[in-house]
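Please read the structure below before turning to the comments.
Numbering (the UniProt record's numbering), first residue to last: 1 to 766.
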């Protein structure tokens, strides 16, 4: 913090002190101290005098377009429970509106709670919290804090909190009416994420029960009309002054050629020596990774006089991204180091550049790749589509009036007005599970802005019913309530719950953590695919990919322990570096493994909190291997496939489609030479990768029938593979459908196990 007083003030007080006589010194000093205190303005949030930096930042804040609407916004906030603020990224609404909401809560002495602002990306929540704490002249983690997955920086003194929309939604499970908050800011409503849409629906009901609550929705102008139709035309709207758009240059580039055209344009801009950074919007994260490698290679071939070309990956949704407020950045993201940065981003990344004032060029490919879930076949497919007009307008205003925006598509192309809601394109099982939980909490109605697809809703309800998460009345069963406590998809949560019964919690919680984190495998460098596969082969387990993940995690933890021992003995401080080098040597993602480790700890803590048994690890034993497969089958019995011809063509029993094992699997690549398992359980099926199933492990068909008898008898669609299962069951003398009849199963796949005798009542939590 800078000195809380100015030199001129100190000089004036010294002058007053010098003219006092010796007999009046004490009284004079008291008077001087009183005058000194009066001269300084105190911060109402922490009671301390403002620093000189506060006033410097205040001048910057007053220059923002949103500041002109400050008085209008505060007047409306006092008299209305719901306010809509429309404006683009650079207007300053992301940083100023939450502060004004915190001031509103302060004026009520926090009787109704503190302020919270939601973001769709964790890193943006952190960056905004840091910036706002600086502007409010308070300490991060005290008066201003943030909460993102696996990280909390708050205290009992926090009056303004930034968090992701998903975390605020999950918080409603313990606080359905959000009574901790007096003002809620829903930022980036135009991105139409599932969590934001559900929040907007539930908050409408909460406002009826809490007239003291204030809700502020931050969006863009194209979304305002839809919100007014949803909430009513009497809702006040604060429209922020639009920024002057940049010079826009359109191109007749073919949609197939946009990638290399964009990279050529980046290099041409760099050769002109014009000042300013570049933002390049591509269609997918894979393209971003490829673009970075190409620009790094081409940048080394450029002349030294052009300066350094620094590609910076900024991919929303791909793990924790680097901060835009890091090294080499000024107060609002201005460049303080030599070189030109090229920010590589994708859709939903537009709002992240609120803090960067150094961007002078924007290159917009005009397309995006979206994963769309098909409930009929329970699979994701990747679609290449045009961006919305809303996204295009935001990108054009990232540079300011002096910059240029290159649109790699014709001006006459007709773009969709709004971004497509994710609630229409995603698996709704977790969403329905949450809404069922909210019904228990007293919120029985969610008024969606865009209603979900009926077919998707029915498929999700059907899946929850198969998982025994619903009772006969369609409400959450006891199992469903426990599943909703776990921050996992419903199938994985059911498998973890079943592992408590089969004494393999340590192993299944590891699998759940690694599948919830970003992929632990790094993309192989060009020309080194064979070398990378050879490294990964050291971790492969003969029973499949789920067990391979356990091997990787155990090796990672062993490396950590060895490093700690080495550090302790040598009193060195290079532990994290050694572990990171180990990951590099084996072409593993260090950050992803750290995330998985944190997720595993969180899941373990939840299991302990709800008092579920956690067994000691016994990985590697034959019994443990069978139990892990049983636990996985308890959750993923709808994802079973059979090799119909012995050549890797797998028939999926539930959706009756054909697929092949992904090349990165233990059963991919050269696995044909070793022989493929006939029956497998898979974690994911995607149409976008040549109809591949990923994360595959071998199972016994008899154990599958034993684990999910109801699904096998009554819900599994008819097929040749089902007939084969019935034949296996009949051959083993266990074909009668009476649930209470004892099963005796001789499993060919599990040679390590003796004959298993069990009743249907023992079937996993069904």
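Ideal Cβ placement from N, Cα and C applies to all residues, glycine included.
Exercise. Roughly how far, in whole angstroms, is the beta-carbon of residue 129 from the beta-carbon of residue 140, given that I think they are within contact range, below 8 Å?
Worked result: 6 Å
Exercise. What's the call for residue 241, buried or exposed, on a 16-neighbour Cβ count within 10 Å?
Worked result: Exposure of residue 241 is indicated by the presence of fewer than 16 other C-beta atoms within 10 angstroms of its C-beta.
Exercise. When DSSP labels each residue in this structure, what does residue 520 get in the three-state scheme?
Worked result: coil
For this session: Compare the Cα-Cα distances from residue 724 to each of 702, 303, 706, 710 and report the closest residue.
Result: 702
Exercise. With a Cβ-Cβ cutoff of 8 Å, do residue 280 and residue 84 count as a contact?
Worked result: No, the pair does not count as a contact, with Cβ atoms beyond the cut-off.
Exercise. For residue 458, does the count of other Cβ atoms within 10 angstroms reach 16, so buried, or fall short, so exposed?
Worked result: exposed
For this session: Inspect the CB distances between the stretch 512-519 and the stretch 484-498 and report whether three or more fall short of 8 Å.
Result: yes
Problem set entry | Neighbourhood of residue 60 by C-beta distance below 6 Å, restricted to the same chain and skipping five residues each side | none
For this session: Check residue 583 in the structure and name its three-state DSSP category.
Result: The answer is helix: DSSP assigns residue 583 an H, G or I state.
Exercise. In the stretch 599-646, which residue ranges form an unbroken beta strand (DSSP E) of at least 3 residues, counting only runs that do not cross its ends?
Worked result: 640-643
For this session: Using only the heavy atoms of the ligand COA, determine whether one of them is closer than 7 Å to the beta carbon of residue 281.
Result: Within the structure as shown, the ligand COA is missing, as the structure has no ligands at all.
For this session: Please classify residue 778: does DSSP put it in a helix, a strand, or coil?
Result: Past the boundaries of the shown model lies residue 778; the chain is included only from 1 to 766, so the question cannot be answered.
For this session: Pull up the distance between the alpha-carbon of residue 687 and that of residue 557, whole angstroms please.
Result: 34 Å
Problem set entry | Residues near residue 428 by beta carbon distance below 7 Å, same chain, minus five either side | Within the same chain, and ignoring the five residues on either side of residue 428 in sequence, the residues whose Cβ sits closer than 7 Å to its Cβ are 452, 456, 457, 460.
Exercise. Going by DSSP, what residues sit across from residue 371 in a beta bridge?
Worked result: 382
Exercise. By a C-beta neighbour count over all protein chains shown, 10 Å radius and 16 as the cutoff for buried, is residue 378 buried or exposed?
Worked result: buried
Exercise. Do the stretch 491-502 and the stretch 631-646 make contact, defined as three or more Cβ pairs closer than 8 Å?
Worked result: Using a Cβ-Cβ distance cut-off of 8 Å, the stretch 491-502 and the stretch 631-646 are in contact, since at least three pairs of beta carbons, one from each stretch, lie closer than that value.
Problem set entry | According to DSSP, residues forming a beta bridge with residue 49 | 42
Exercise. Are residue 511 and residue 549 close, meaning C-beta to C-beta below 8 Å?
Worked result: yes
Problem set entry | residue 353 and residue 249 closer than 8 Å at C-beta | no
Exercise. Roughly how many whole angstroms lie between the Cα atoms of residue 199 and residue 392?
Worked result: For residue 199 and residue 392, the distance between alpha carbons rounds to 26 Å.
For this session: Report yes if the C-beta distance between residue 625 and residue 543 is below 8 Å; otherwise report no.
Result: yes
For this session: Using three-state DSSP, classify residue 209 as helix, strand or coil.
Result: helix
Exercise. Between the C-alpha atoms of residue 376 and residue 659, what's the straight-line distance to the nearest angstrom?
Worked result: Each residue's Cα considered, the two are about 16 Å apart.
For this session: Provide the residue span of the beta strand (DSSP E) that contains residue 164, from first to last.
Result: From DSSP, the beta strand (DSSP E) with residue 164 extends over 160-164.
Exercise. Could you check where the alpha helix (DSSP H) with residue 177 kicks off and where it finishes?
Worked result: Here residue 177 belongs to no alpha helix (DSSP H), and DSSP marks it neither H nor E.
For this session: Run through the stretch 456-532 for me and flag every whole alpha helix (DSSP H) of 4 or more residues, listed as ranges in chain order.
Result: 478-485, 490-501, 505-516
Problem set entry | Beta-carbon proximity of residue 65 to residue 218, cut-off 8 Å | no
For this session: Pick helix, strand or coil for residue 437, following the three-state DSSP scheme.
Result: helix
Exercise. Could you give the C-beta distance for residue 168 and residue 143, rounded to a whole number, given that I count them as a contact under 8 Å?
Worked result: So it is not a contact: roughly 19 Å between Cβ atoms.
Exercise. Just the Cα atoms here: how many angstroms apart are residue 598 and residue 691?
Worked result: Distance between the alpha carbons of residue 598 and residue 691 is about 32 Å.
Exercise. Do you know offhand how far residue 382's Cα is from residue 693's?
Worked result: Residue 382 and residue 693: Cα-Cα distance of roughly 15 Å.
Exercise. Just to confirm, are residue 307 and residue 358 a CB contact at a threshold of 8 Å?
Worked result: no
Exercise. Looking only at C-alpha atoms, which of 310, 282, 192 sits nearest to residue 363?
Worked result: 282
Problem set entry | Inter-stretch contact (C-beta, 8 Å, three-pair minimum) for the stretch 69-77 and the stretch 100-115 | yes
Problem set entry | Outcome for residue 260 when other beta-carbon atoms lying within 10 angstroms are tallied against a minimum of 16 | Residue 260 counts as exposed, since fewer than 16 other beta carbons sit within 10 angstroms of its beta carbon.
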